[in-house]
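For reference, the structure discussed in these notes is given below.
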Amino acid sequence: GGPEMANIAVTPEQLQSIASQLNTGAGNIESTLSQLEGQVAPLQSEWQGVAQARFQELWAEWHRSSRGIQEALHGISQLTQQAGANYEETETSIASSFGR
Numbered sequence: 176g177g178p179e180m181a182n183i184a185v186t187p188e189q190l191q192s193i194a195s196q197l198n199t200g201a202g203n204i205e206s207t208l209s210q211l212e213g214q215v216a217p218l219q220s221e222w223q224g225v226a227q228a229r230f231q232e233l234w235a236e237w238h239r240s241s242r243g244i245q246e247a248l249h250g251i252s253q254l255t256q257q258a259g260a261n262y263e264e265t266e267t268s269i270a271s272s273f274g275r
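With my numbering applied, the sequence shown covers 176 to 275.
See below:
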């Protein structure tokens, strides 16, 4: 036999809600990053030596990783939002075909 069709057990509204929550999460990460940068900046200007240099390396690595997570959440949100729009369009199309 051929491949089985998957049952879609999610509504477009649920997908839109999840997309919104993902965007909110990404925004929260951005806000937290900004707050932490504000708190760390004074320390970086006063701190000297090998430990400070290692801290800078780790801070930069953490910052890149955090931005990556934020960008991934935005991307997942966009895909989820598009999936919701596609499902809604498909449902509308199917509903209108029954009206013929």
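By construction, the Cβ of each residue, glycine as well, lies at the ideal position given by its N, Cα and C atoms.
**Q.** A228 versus Y262: straight-line alpha-carbon distance, rounded
**A.** 51 Å
Q: Helix, strand or coil for W234, going by three-state DSSP, please let me know.
A: helix
Q: Since I believe S252 is in contact with A216 (beta carbons under 8 Å), could you give me their beta-carbon distance rounded to a whole number of angstroms?
A: Not confirmed; about 30 Å, so no contact.
Q | Environment of T199 [buried if 16+ CB atoms lie within 10 Å] | A | exposed
Q) For H249, which residues of its own chain have a beta-carbon under 8 Å away from its beta-carbon, when the five flanking residues on both sides are left out? A) L197, N198 and A201
Q) For Q191, does the three-state DSSP call read helix, strand or coil? A) helix
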